[in-house]
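With the working numbering as the guide, the letters of the sequence shown map in order to residues 84 to 222.
To start, the structure under review is shown below, and the notes come after it.
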Amino acid sequence: MARSTPPPTFQLVRTWVLDRTAELRALRAEIHEAVTGHVGEILTGGVPERVVLVASELATNALRYGIPPTQVSLLADGATYLLDVEDRAVDRQPVLAAARQHGEGGFGLYLARRLALQVGWYTDGTSKHVWATFLADEV
């Protein structure tokens with residue numbers, strides 16, 4: 084996965100700090116609410132659901148393989164959402180999992196690349212960021 088930074092045009096919508104995977108359920112619900120503007124059942128197929136799924140996958144990766152705390156930020160520029168997942172493992176590059184059997188896990192970055200417009204990563208000295216963008220007008 085290429086090292087790159089997202090465009091600087093985004094404004095912060097909300098940030099979550101996670102310490103354990105048990106917090107992922109609340110994260111999914113709150114990201115869905117932040118993107119759609121209402122609380123509701125998470126369905127499948129649309130942009131809100133893709134943002135939620137990618138957030139969950141990237142946050143899970145950060146919690147399992149990164150150094151805490153994990154911070155998830157949702158940003159927007161009017162046309163696009165930016166999801167940024169940050170941990171402190173600056174020396175650990177995100178790696179696409181090698182070929183694995185179905186059900187063995189390791190497909191979070193693959194899902195992100197399939198579901199998002201762009202996916203990238205960078206370090207800023209103290210943190211590693213993995214980010215993904217989604218069109219906001221499909222919400």
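The beta-carbon is built from N, C-alpha and C at its ideal position, and this holds for glycine as well.
Which of the three DSSP states, helix, strand or coil, is assigned to residue i?
i: D174; result: coil
i: L200; result: coil
i: D220; result: helix
i: A195; result: helix
i: L146; result: helix
i: S156; result: strand
i: T88; result: coil
Taking Cβ positions, are residue i and residue j nearer each other than 8 Å?
i: V155; j: L194; result: no
i: L192; j: L179; result: yes
i: L158; j: L95; result: yes
i: V168; j: V100; result: no
i: T104; j: L166; result: no
Roughly how many angstroms separate the alpha carbons of residue i and residue j, rounded to a whole number?
i: Y148; j: A172; result: 8 Å
i: T163; j: P89; result: 11 Å
i: V130; j: W204; result: 21 Å
i: V118; j: D174; result: 32 Å
i: T143; j: F190; result: 11 Å
i: H115; j: P91; result: 23 Å
Margin query: Which runs of the beta strand (DSSP E) at least 3 residues long sit entirely within the region 95 to 143? Give them in chain order.
Written below: none
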